[in-house]
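**Student:** Quick note: the sequence shown uses the working numbering, first residue 113, plus one each step. Note that beta-carbon positions come from the ideal geometry of N, C-alpha and C, so glycine has one too.
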Amino acid sequence: MSAVRLPLDERLSRARARLEAERVDALVVLKPQNRTYLTGFTGGGPSHDTWRDGVALLTPTEVHLLIDFRYLDQAVQEAPQARHVRVSNMAEGLAELVGHLGVRRLGFESEVLTVAQWRQLTERLPEVELVPVSGLDRIRWRKDPEEVERIRRAAAIGDQAFRAVLPLVRPGVRERELALELEFQMRRAGAEALAFDVVVASGPRSAMPHGRASDRPLQAGDLVTFDFGAVVDGYRSDCTRTVVLGPATAEQRRVYETVRRAQEAAEAGLRPGMTGKAGDALARDLLAAAGYGEAFGHSLGHGVGLEVHEGPTLSPREEATLEPDVVLTVEPGIYRSGWGGVRIEDLVVLRAGGVEVLTGLPKDLLEV
Numbered sequence: 113m114s115a116v117r118l119p120l121d122e123r124l125s126r127a128r129a130r131l132e133a134e135r136v137d138a139l140v141v142l143k144p145q146n147r148t149y150l151t152g153f154t155g156g157g158p159s160h161d162t163w164r165d166g167v168a169l170l171t172p173t174e175v176h177l178l179i180d181f182r183y184l185d186q187a188v189q190e191a192p193q194a195r196h197v198r199v200s201n202m203a204e205g206l207a208e209l210v211g212h213l214g215v216r217r218l219g220f221e222s223e224v225l226t227v228a229q230w231r232q233l234t235e236r237l238p239e240v241e242l243v244p245v246s247g248l249d250r251i252r253w254r255k256d257p258e259e260v261e262r263i264r265r266a267a268a269i270g271d272q273a274f275r276a277v278l279p280l281v282r283p284g285v286r287e288r289e290l291a292l293e294l295e296f297q298m299r300r301a302g303a304e305a306l307a308f309d310v311v312v313a314s315g316p317r318s319a320m321p322h323g324r325a326s327d328r329p330l331q332a333g334d335l336v337t338f339d340f341g342a343v344v345d346g347y348r349s350d351c352t353r354t355v356v357l358g359p360a361t362a363e364q365r366r367v368y369e370t371v372r373r374a375q376e377a378a379e380a381g382l383r384p385g386m387t388g389k390a391g392d393a394l395a396r397d398l399l400a401a402a403g404y405g406e407a408f409g410h411s412l413g414h415g416v417g418l419e420v421h422e423g424p425t426l427s428p429r430e431e432a433t434l435e436p437d438v439v440l441t442v443e444p445g446i447y448r449s450g451w452g453g454v455r456i457e458d459l460v461v462l463r464a465g466g467v468e469v470l471t472g473l474p475k476d477l478l479e480v
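Set out below in structure tokens:
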């Protein structure tokens, strides 16, 4: 992953507000995406264990980055503003630093710290109170212009790759072959990684919203769903398109156009100030009125950034208010077991007057 060199002062200020709210002297930041967001240090990547490749300790005035020998040069390059602390054992090094700083109430990310890590810290810091802190992810919801630009570039790479793969979609080609080609095309166009494993689900398998590519060969008449995304400087994209192999049947076209109407209605209606629940209803109510309410079983969308699934969500359970500059997916679908499914997904930025669509692919039903 490339270094994420972005303005940090405002981010650190928002994170320090969490310290003040929880009345803690310092906060241990373990989640890779949160550590990167607050320091710029990417470590071994988002799938690596930060307990091994780098932990940030945030205080009201400083950011300490605890790393071992393997990541010292990288930390100096990516996070020059942090105080770098080389450690050979993370628990021991963190305990030593916390003791040196005189910390009495130590916050930790309640959703991240494991029981084993908690035990290691309590054994070494018997006089320090460990305080669970939540809500750190939320400071990443709103995106600054540079973040949006990186997501926009990732989306453009996905668009380019999908266009390159479309001519290969034909009977006899296996789903895995198309997934591999889509990955190759994204990397060839500049993606540093995949946002997630490419989904290619054809025929009856297209009724699986997250159907991993299999050895199934495509057949004439299949609906084929592609769900894919690229990574640019740590930031991710997410897009879904469904095509039909050959002329569409009347039923396939009817389902597709219903999903398209729901997707376009949601994009037209999303505004800052509404709840994620209200945003979800923009598409869900239309699908229900068309008789497909039970066939749409997932949320309408989710935030995207350093993670492909982050807050806020467009969901029947999301009471949070949508703010300007959040990046969201809008992805209604209809899925019928044994028949197949259709999903159309765009990536959008919520602006004061509505949405800016980052996805550049058409929504017309493609008969390939």
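What residue range is occupied by the uninterrupted alpha helix (DSSP H) comprising ARG366?
**Tutor:** 362-381
**Student:** Just grab the DSSP bridge partners of SER314 for me.
**Tutor:** DSSP output for SER314 lists VAL336 as bridge partner(s).
**Student:** Considering only their Cβ atoms, is the gap separating GLU204 from CYS351 smaller than 8 Å?
**Tutor:** no
**Student:** Applying the 10 Å Cβ sphere with the 16-neighbour rule, what's the burial state of ASN201?
**Tutor:** exposed
**Student:** Threshold first: 4 residues or longer. Then list the alpha helix (DSSP H) segments lying entirely within the stretch 211-247, N to C.
**Tutor:** 227-236
**Student:** Only counting the same chain, and skipping five residues up and downstream in sequence, which positions put a Cβ closer than 7 Å to that of PRO498?
**Tutor:** In this structure the chain extends from 113 to 480, so residue 498 is not present and cannot be described.
**Student:** In whole angstroms, what separates the C-alpha of PRO359 from that of GLY445?
**Tutor:** 21 Å
**Student:** Would the stretch 307-318 and the stretch 427-443 be scored as touching if the rule is three or more Cβ pairs under 8 Å?
**Tutor:** no
**Student:** Count Cβ pairs between the stretch 378-389 and the stretch 447-467 that sit closer than 8 Å; are there 3 or more?
**Tutor:** The stretch 378-389 and the stretch 447-467 touch, with no fewer than 3 CB-CB distances between them shorter than 8 Å.
**Student:** Could you tell me if PRO474 is buried or exposed, where buried requires 16 or more neighbouring beta carbons within 10 angstroms of its beta carbon?
**Tutor:** exposed
**Student:** Using the three-state DSSP reduction, which class does THR425 fall into: helix, strand or coil?
**Tutor:** strand
**Student:** Tell me which residues share the same chain as SER246 and place their Cβ nearer than 8 Å to its Cβ, disregarding the 5 neighbours each side in the sequence.
**Tutor:** GLU221, SER222, GLU223
**Student:** According to DSSP, simplified to helix, strand and coil, what is ASP179?
**Tutor:** Strictly speaking, residue 179 in this sequence is Ile, with Asp absent from that position. If DSSP states are grouped into helix, strand and coil, ILE179 belongs with the strands.
**Student:** Between the stretch 332-351 and the stretch 283-300, can you find at least three pairs of beta-carbon atoms closer than 8 Å?
**Tutor:** yes
**Student:** Run through DSSP, which three-state label would GLY417 get?
**Tutor:** coil
**Student:** Let me make sure I understand the geometry here. Which of LEU294, ARG164, LEU120, SER125 has the alpha-carbon closest to that of VAL277?
**Tutor:** LEU294
**Student:** Let me make sure I understand the geometry here. Which of LEU139, GLY166, VAL439, TRP451 has the alpha-carbon closest to that of GLY466?
**Tutor:** VAL439
**Student:** Going by C-alpha to C-alpha distance, which of GLY156, VAL141, PRO158 sits closest to VAL167?
**Tutor:** Comparing Cα positions, the closest option is VAL141.
**Student:** On the three-state DSSP scale, how would you describe ILE269?
**Tutor:** helix
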